Amino acid sequence: MLNVHLVPHTHDDVGWLKTLDEYYYGSKSEIQRAGVQYILDSVVEELLHDPNKRFIYVETAFFWKWWSEQHDHKRHQVKQLVNAGRLEFIGGAWAMNDEATTNYQSTIDQFTWGFRKLNDTFGDCGRPKIGWQIDPFGHSRELASMMAQFGFDGLLFGRLDYQDKANRLLHKQAEMIWHGSPTNLGSSADLFTSVLFNTYSPPPSFCFDLLCNDEPIVDDKKSPKYNAEERVQTFLKYVEKQRSSYDSNNILITMGDDFNFQSANSWYKNLDKLIRLVNEKQSNGSKINLLYSTPSCYVKSVNEDNLSLTTKDDDFFPYASDPNSFWTGYFTSRPTIKYFERKGNNFLQVCKQLYALTDLGPEDRGDLNALRSAMGVLQHHDAITGTEKQLVAFDYARILSEGIAQCELVVDAALRKIITQKKAAKDGESKLDDQFQTVTCPLLNISQCATTEDNKAFVVTVYNPLSKPVTHYVRLPVKDNLNYTVLCPMGKKQVTQLIPISDGVKRIPGRASKAGYELVFRAKNLPPLGFRSYYVSQNAKTDEDSAFAATQDNYVLGEKTVLGNHMSLSLTVDENGALSAASFGDRSVSLKQDIYYYAGAVGDNREFKNRSSGAYIFRPTGAEPILLSDNTKGSVKQYKGPIVEEVQIIYSDWVSQTIRKYEDEQYAEVNWVIGPIPIYDNIGKEIIVRYDTDIKSDKVFYTDSNGREMLKRVRDFRPTWQLQLTEKISGNYYPVTSKITIKDDKNQFSVLTDRAQGGSSLKDGQIELMVHRRLLHDDAFGVGEALNETAFGGIGLVAAGTHYLTLGLPSAEKFLAQRKLMDSWIFLTPTPNITFDQWQKSYKMEYSGLKGTVPSNVKILTLEPWKGRSLLIRLENIFENGEDELYSKEANVNLQDLFSAFKVVSAEETTLGANLLLKDLQRLKWKSQSNYIEKQGLSDQQTLTDFNVTLKPMQIRTFIVEVERV
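Just so you know, we're using full-length UniProt numbering here: the sequence shown kicks off at 1 and counts up by one.
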């Protein structure tokens with residue numbers, strides 16, 4: 001028999017054309033008739049009436065909103081449905097995340113949060129076993145690796161390049177074993193992967209939802225509308241067509257679509273008829289068997305067919321839906337919300353760590369959970385991607401802002417608990433505890449902070465969330481070119497520097513700051529999982545040890561300058577203020593950097609060739625971009641000092657940048673400020689920053705997969721089919737979540753980003769990254785409006801960001817990427833009436849959450865409160881096999897005496913998502929056609945003895961630990 005698995009489902013975007021709440025409650029039907037609360041109400045009622053019916057649900061952000069409104073009787077009924085396998089949770093994350101622009105840490109977190117809620121409520125029967133990524137626009141190898149480590153038996157998805165899909169269906173290769181980490185984790189990262197035949201929609205003319213116009217099945221032969229036999233034959237033809245593309249005796253047909261099943265009865269009534277009518281034909285020799293099913297039942301059935309499957313080692317980027325529609329624009333769309341999400345992840349890690357280290361009580365759990373949930377929402381494939389309507393983007397920003405504000409309460413309570421532990425030397429000074437407060441300044445990226453601008457004295461507490469000491473360069477906006485003293489915890493004056501804020505930053509619309517300068521000092525060797533506090537005061541008179549005002553060299557056109565020295569990365573800036581060379585030790589490359597724009601294509605979208613560039617699609621007109629960074633029209637200012645040297649360049653009234661090099665650092669910064677992008681010429685513009693070198697890259701470049709393993713890219717080439725490429729520029733764009741690299745036998749040049757961006761190497765020796773987009777036409781893929789972001793009264797949005805340039809050792813790039821992902825966080829405390837001596841005597845100014853050491857190639861990826869008094873800990877080996885001679889090796893960590901605030905007394909290892917003990921994991925085993933050598937698998941990971949943890953390259957190990965507080 002051919003078993004046809006009918007999978008009733010709904011795809012509920014966690015925001016897109018409407019906000020999360022509008023989708024849940026069914027508001028604004030004129031935009032989209034969609035109400036998730038009605039879907040869940042309706043489906044549950046139908047399942048309760050018939051034990052044969054099945055349904056899957058995916059987006060747990062919506063489910064928990066609904067669950068919180070249900071009475072106990074209804075909850076008990078739902079638990080029975082879950083226990084019976086009739087309501088099954090698939091995927092299980094907070095949202096169906098994008099795979100191009102998300103970072104692995106945020107992805108793991110949002111799956112963990114979804115798993116946790118399901119596990120707490122439904123136990124083992126609520127544990128998802130299948131990945132279900134039906135709508136994201138391309139698929140990453142790193143997510144496949146993570147899903148395997150979650151313990152999933154398979155992944156089903158809907159979208160892949162139209163040429164790839166046609167080729168796979170033709171050769172019956174739509175199902176495969178995807179090697180998620182072929183050179184590092186081996187079989188533990190292997191994942192059965194199936195491409196859905198019809199994306200995630202039902203067969204044509206077989207949508208039985210209220211949102212559809214298809215005819216119902218009429219099986220009353222007396223009715224003039226009788227159509228049962230014709231409908232059955234049409235369906236069977238479709239089944240045969242799909243069957244011809246798959247090897248198994250099982251095929252899966254999705255029965256549902258966007259926000260379907262608001263009236264589940266109309267779906268199930270017709271599916272009941274279809275199943276009965278088709279299966280009745282078995283009595284006449286038919287070999288077709290229809291059944292209600294779920295993805296996990298389907299995957300298990302395919303596994304039992306014992307097929308030998310093809311394998312895949314690369315990823316599914318970029319995604320094209322037709323010859324002129326490459327979905328590579330969203331890699332950059334809405335760059336400011338992409339940056340905001342990355343900072344949200346940074347702060348969430350700080351918040352979770354401080355909660356765990358200080359043993360805050362359950363009263364603070366809700367504040368932490370608010371940010372956990374907000375970050376989960378932001379991972380959605382129409383959130384961080386920038387493919388939502390403008391009003392929805394504003395709502396995402398609101399959700400994340402409120403989540404951060406809630407976690408600020410947690411952090412303030414935690415820091416207060418640590419910092420005020422020190423007893424006052426005098427009774428009168430104990431009252432200082434009442435004055436302690438922490439303030440964060442979220443707009444430091446545009447040099448705005450009222451606390452540092454309006455106070456003559458304040459304490460800067462710099463928290464380091466990494467598990468090894470780091471040096472952080474603190475930059476604080478101040479009003480005037482006055483003298484400042486910065487004192488470390490020992491009372492020693494720190495070297496400081498004052499630098500005028502760039503005019504390009506000062507003129508950013510909406511910037512409400514009186515600051516004209518930035519006070520810069522070096523917070524050196526910050527304690528791991530800890531902080532150091534610095535007392536900053538404005539001096540009444542000149543002091544030879546106070547702030548060092550940067551010397552300004554009025555830049556003379558026609559002269560070159562060098563930033564940095566030969567011992568670290570140094571940059572040569574030419575007579576126009578543009579980069580011309582870079583060197584590191586005995587390595588050197590020519591290096592030219594400019595800013596360009598592509599004009600976005602405009603069309604009516606009725607034919608492939610008339611596709612417009614839009615929120616999803618990158619489609620430039622012309623073969624070459626247009627230069628924006630013409631220095632002869634602008635101004636150049638250069639500043640040098642003991643901490644940092646920088647060149648500030650103004651190209652026009654909407655394009656500027658600062659090239660910056662810190663003393664002794666092995667990287668340089670290019671800080672770009674783009675916008676408001678002008679549209680007076682009615683031309684949409686897609687802005688790129690391009691780096692040209694003399695590296696002989698031979699068509700090859702490398703991009704990261706969600707911030708972890710690097711993938712090889714070859715221009716105009718795909719590893720698994722013969723590529724026919726119409727769009728030569730956008731068809732070579734790939735997601736750059738954190739790094740893009742070119743190299744040859746002599747040099748390796750990399751650009752690290754502070755957010756996800758689209759990037760490529762369109763010519764040898766060249767790297768380009770798209771940093772901002774403003775377009776005037778929709779690309780007709782559903783969002784229904786142009787990507788024309790404005791702010792502050794209709795002014796075009798300004799994006800400010802940073803590229804980090806490296807030339808040299810892979811290890812330096814890896815450590816830099818980790819520093820920027822989990823950057824040191826700055827907390828401020830105004831001290832108008834407290835002297836340094838009073839503060840030092842009363843408050844703790846230095847703290848580390850670690851007392852043991854962690855090897856340099858290991859990171860504490862996760863430290864957070866778990867259930868009861870237990871904690872969740874993840875350890876990660878951040879290096880790949882063969883990546884670095886010194887660090888690409890096994891590492892050992894002893895958990896028991898690692899932390900200063902507590903001692904680990906027991907530890908149980910779990911799967912990556914922390915919802916199953918590793919010893920209880922049983923995944924389906926598959927046969928493949930490759931001669932793939934199995935490396936480490938989950939089954940052969942080491943047992944934990946004496947709390948010693950061994951980590952192989954790229955391995956992440958997860959533990960739930962019980963602790964004794966010190």
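Just so it is clear, CB atoms sit at the ideal spot from N, CA and C, and this is done for glycine as well.
Computed from a predicted model, the values in this text were never measured in an experiment.
Considering just the uninterrupted stretch of the alpha helix (DSSP H) at residue 143, what are its terminal residues? Residue 143 sits at position 143 when you count from the first residue of the sequence shown. Unbroken alpha helix (DSSP H) run through residue 143: 141-149.
task = Count the other C-beta atoms from every protein chain shown that fall within 10 angstroms of the C-beta of residue 138, then say buried if there are 16 or more, exposed otherwise.
result = Here the question's residue 138 lines up with position 138 in the sequence shown. Buried, since its Cβ has 16 or more Cβ neighbours within 10 Å.
Sequence-distant residues of the same chain with beta carbon closer than 8 Å to residue 530, five excluded per side
Counted from its first residue, the sequence shown places residue 530 at position 530. Contacts found: 463, 464, 846, 847, 848, 849, 850.
task: Closer than 6 Å by C-beta to residue 314: which residues in its own chain qualify, once you throw out the five before and the five after it? Chain order, please.
output: Position 314 of the sequence shown, counting from 1, holds the residue named residue 314. 719, listed in sequence order.
Do residue 95 and residue 376 have their C-beta atoms within less than 8 Å of each other? To locate residue 95, count along the sequence shown from 1; it is residue 95. To locate residue 376, count along the sequence shown from 1; it is residue 376. Against a cut-off of 8 Å, the Cβ pair of residue 376 and residue 95 comes out as a contact.
- Query: Based on the DSSP output, what are the partners of residue 575 in its beta bridges?
  - Reply: Numbered from its first residue, the sequence shown carries residue 575 at position 575. DSSP lists no partner for residue 575.
- Just list the beta strand (DSSP E) runs in the segment 699-768, keeping only unbroken ones of 3 residues or longer that don't cross its boundaries, in chain order. 700-704, 710-714, 734-736, 739-743, 748-753, 757-760
Subject >> Boundaries (first-last residue) of the alpha helix (DSSP H) holding residue 62 >> reply: Counted from its first residue, the sequence shown places residue 62 at position 62. 60-67 is the span of the alpha helix (DSSP H), which, as asked, contains residue 62.
Find out if the Cβ-Cβ distance for the pair residue 97, residue 110 is shorter than 8 Å. Numbered from 1 along the sequence shown, position 97 holds the residue referred to as residue 97. Numbered from 1 along the sequence shown, position 110 holds the residue referred to as residue 110. In this structure, residue 110 lies closer than 8 Å to residue 97 by Cβ.
> By Cβ distance, which residues of its chain are closer than 7 Å to residue 382, with the 5 residues on each side in sequence left out?
Replying inline: As a first step, residue 382 must be located in the sequence shown, where it is residue number 382. Answer for residue 382: 13, 15, 16, 388, listed in chain order.
Starting from the N-terminal side, write out each stretch of the beta strand (DSSP E) that is 3 residues or longer and does not extend beyond the segment 134-202.
154-157, 175-179, 190-195
Within 10 angstroms of its Cβ, does residue 653 collect 16 or more other Cβ (buried), or is it exposed? Within the sequence shown, the letter at position 653 stands for residue 653. By the neighbour-count rule (16 or more Cβ atoms within 10 Å), residue 653 is not buried but exposed.
Endpoints, alpha helix (DSSP H) assigned at residue 374 | Counting from one through the sequence shown, the residue named residue 374 turns up at place 374. Residues 365-378.
Helix, strand or coil for residue 246? Go by DSSP, reduced to three states. Translated into positions along the sequence shown, residue 246 becomes position 246. It is coil, neither helix nor strand.
query: Helix or strand or just coil, what does DSSP make of residue 261?
result: Walking along the sequence shown from the start, residue 261 turns up at place 261. Coil at residue 261, not helix or strand.
Point to revise | Enclosing beta strand (DSSP E) for residue 437 [first to last residue] | key: As a first step, residue 437 is located in the sequence shown; it is residue number 437 there, counting from the start. Per DSSP, residue 437 belongs to no beta strand (DSSP E) and is neither H nor E.
Notebook entry, point to check: For residue 89, which of helix, strand or coil comes out of DSSP?
Noted result: The residue given as residue 89 occupies position 89 in the sequence shown. In this structure, residue 89 counts as strand in the three-state DSSP scheme.
Give me the DSSP bridge partner(s) of residue 927. For this step, residue 927 is matched to residue 927 along the sequence shown. According to DSSP, residue 927 bridges with 308.
Could you pull the DSSP bridge partners for residue 254 from this structure?
As a working mapping, residue 254 is identified with position 254 in the sequence shown. Its beta-bridge partners are 7.
- Counted within 10 angstroms of its Cβ, other Cβ atoms place residue 899 as buried (16 or more) or exposed: Translated into the one-based positions of the sequence shown, residue 899 becomes position 899. Buried, by the Cβ-count rule.
* Where does the unbroken alpha helix (DSSP H) through residue 341 begin, and where does it stop? -> If you number the sequence shown from 1, residue 341 lands on position 341. Start and end: 335-358.
What residues in its chain sit with their C-beta under 6 Å from that of residue 852, if we drop five residues either side in the sequence? Your numbering for residue 852 matches position 852 in the sequence shown. Only 897, 898 meet the Cβ criterion.
Worksheet item: Does the separation of the CB atoms of residue 436 and residue 829 fall below 8 Å?
Response: Numbered from its first residue, the sequence shown carries residue 436 at position 436. Numbered from its first residue, the sequence shown carries residue 829 at position 829. Yes; because the gap between Cβ atoms is below 8 Å, this pair is in contact.
Contact under 8 Å by Cβ, residue 515 with residue 456: As a first step, residue 515 must be located in the sequence shown, where it is residue number 515. As a first step, residue 456 must be located in the sequence shown, where it is residue number 456. No, Cβ-Cβ distance for residue 515 and residue 456 is not below 8 Å.
Quick one: any contact between the segment 129-137 and the segment 403-420, if contact means 3 or more CB pairs under 8 Å? no
Discussion item. Let me confirm a value: residue 777 is counted as buried when at least 16 other C-beta atoms fall within 10 Å, else exposed. Which label applies?
Written reply: The residue labelled residue 777 in the question sits at position 777 within the sequence shown. Residue 777 is buried by the Cβ-count criterion.
* Is it true that the CB of residue 666 sits closer than 8 Å to the CB of residue 568? -> For this step, residue 568 is matched to residue 568 along the sequence shown. For this step, residue 666 is matched to residue 666 along the sequence shown. Closer than 8 Å, so yes.
Sequence-distant residues of the same chain with beta carbon closer than 6 Å to residue 692, five excluded per side = Walking along the sequence shown from the start, residue 692 turns up at place 692. 592, 766, listed in sequence order.
Would you say residue 673 and residue 499 are within 8 Å of each other, going by their C-beta atoms?
On the sequence shown, position 673 is the one that residue 673 refers to. On the sequence shown, position 499 is the one that residue 499 refers to. Cβ atoms of residue 673 and residue 499: not closer than 8 Å.
*Alpha carbon to alpha carbon, how far is residue 467 from residue 764? Give it in angstroms, no decimals.*
To locate residue 764, count along the sequence shown from 1; it is residue 764. To locate residue 467, count along the sequence shown from 1; it is residue 467. Rounded to whole angstroms, residue 764 to residue 467 spans 38 Å at the Cα level.
request  = State the Cα-Cα distance for the pair residue 1052 and residue 317, rounded to the nearest angstrom.
outcome  = Given that the chain is displayed from residue 1 to residue 966, the structure contains no residue 1052 and the question cannot be resolved.
Identify every residue that forms a DSSP beta bridge with residue 828.
Reading the sequence shown from its first residue, position 828 is the one you call residue 828. Beta-bridge pairing links residue 828 to 439, 460.
- Item | For residue 902, the residue or residues it bridges with in DSSP | The residue given as residue 902 occupies position 902 in the sequence shown. DSSP output for residue 902 lists 965 as bridge partner(s).
### Query
Among 631, 356, 222, which residue has its Cα nearest to the Cα of residue 965?
As a working mapping, residue 965 is identified with position 965 in the sequence shown. Nearest C-alpha to residue 965: 356.
Within 10 angstroms of the Cβ of residue 954, are there 16 or more other Cβ atoms? Answer buried if so, exposed if not.
By 1-based counting over the sequence shown, the position of residue 954 is 954. So residue 954 counts as buried.
With 16 as the cutoff for other CB atoms within 10 Å, does residue 166 come out buried or exposed? For this step, residue 166 is matched to residue 166 along the sequence shown. The residue is exposed, with fewer than 16 neighbouring Cβ atoms inside 10 Å.
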